[in-house]
Amino acid sequence: MNTKKHLILVGFMGTGKTTVGKKLSKQMEIPWVDLDQWFEEQQKMTIDEYFTTYGEDSFRQKESQLLCKALEPSHSPTVVTTGGGIVLRSINQTQMKEAGWVYQLTASPSEIIRRVKQDPHRPLLKGNPETRVKQLLKEREGMYDFADWMIDTTDRTIDEIVQEILTHWQTNTV
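In numbering that gives the first Met the number 0, the protein residues as written are 0 to 173.
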């Protein structure tokens, strides 16, 4: 029996996870949980502020706890959008793979830089955003490969990406 029921979006920052997840949720008429937004609501501060105050290790621990809650088997099927670093803990990868269909969104480095370089709420991009994006992409190379499906979002519309995910989802869950 297939116990996978959630639709989970992973990928590097700036690949479109939140935007795509929100639209998927509306089209599928199922709940949507964005872990970064949920984190900020619970902590009553931005992720950037949390990083500055408590550090990345504390953030990753709390992020893992929220992932556990979002993927509880008792929940109805849900679209879950994650932060780009959720894959840094292998336990998170395992949990996502067991609980749902995991879709990796990617984009070219130049597209990612274009999308995120002006965002002041990216704690890992402090300093030189172009250099940091390239460095983090290299550090995380292969970490998203556990996903069931990979979609390059470079030069694609949100509707095209959503349609590809829906087609794959419907083919594999019916």
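Ideal placement from N, C-alpha and C gives every residue a C-beta, glycine not left out.
Inter-residue CB distance, residue i and residue j (contact presumed, cutoff 8 Å)
i      : j     : result
ILE111 : THR14 : 7 Å
ILE164 : LEU23 : 6 Å
GLY84  : ARG59 : 7 Å
LYS61  : PHE38 : 7 Å
Proximity of residue i and residue j at Cβ, strictly below 9 Å
i      : j      : result
MET44  : LEU66  : no
SER63  : PRO30  : no
ALA146 : VAL9   : yes
LEU34  : THR80  : yes
THR105 : THR152 : yes
LYS25  : THR172 : no
Cβ-based burial, residue i [other Cβ within 10 Å; buried from 16]
i     : result
THR77 : buried
ILE7  : buried
ASN91 : buried
GLY82 : buried
For residue i, three-class secondary structure by DSSP
i      : result
THR80  : strand
HIS5   : strand
GLY20  : helix
ILE29  : coil
SER95  : The amino acid at residue 95 is misidentified as Ser; the sequence shows Met. Note: MET95 maps to helix in three-state DSSP.
LEU104 : strand
Close beta carbons around residue i, own chain, < 8 Å, minus the five adjacent residues each side
i      : result
ILE157 : GLY15, THR18, VAL19, LYS22
Cβ-based neighbour list, residue i, same chain, cut-off 7 Å, excluding 5 preceding and 5 following
i      : result
TYR143 : VAL9, GLY10, VAL86, GLN103
LYS177 : The structure shown does not extend to residue 177, since the chain is modelled only from 0 to 173, so the question has no answer here.
Cutoff 6 Å; reference residue i; Cβ partners in own chain excluding five residues on either side
i     : result
TYR49 : GLN42, PHE58
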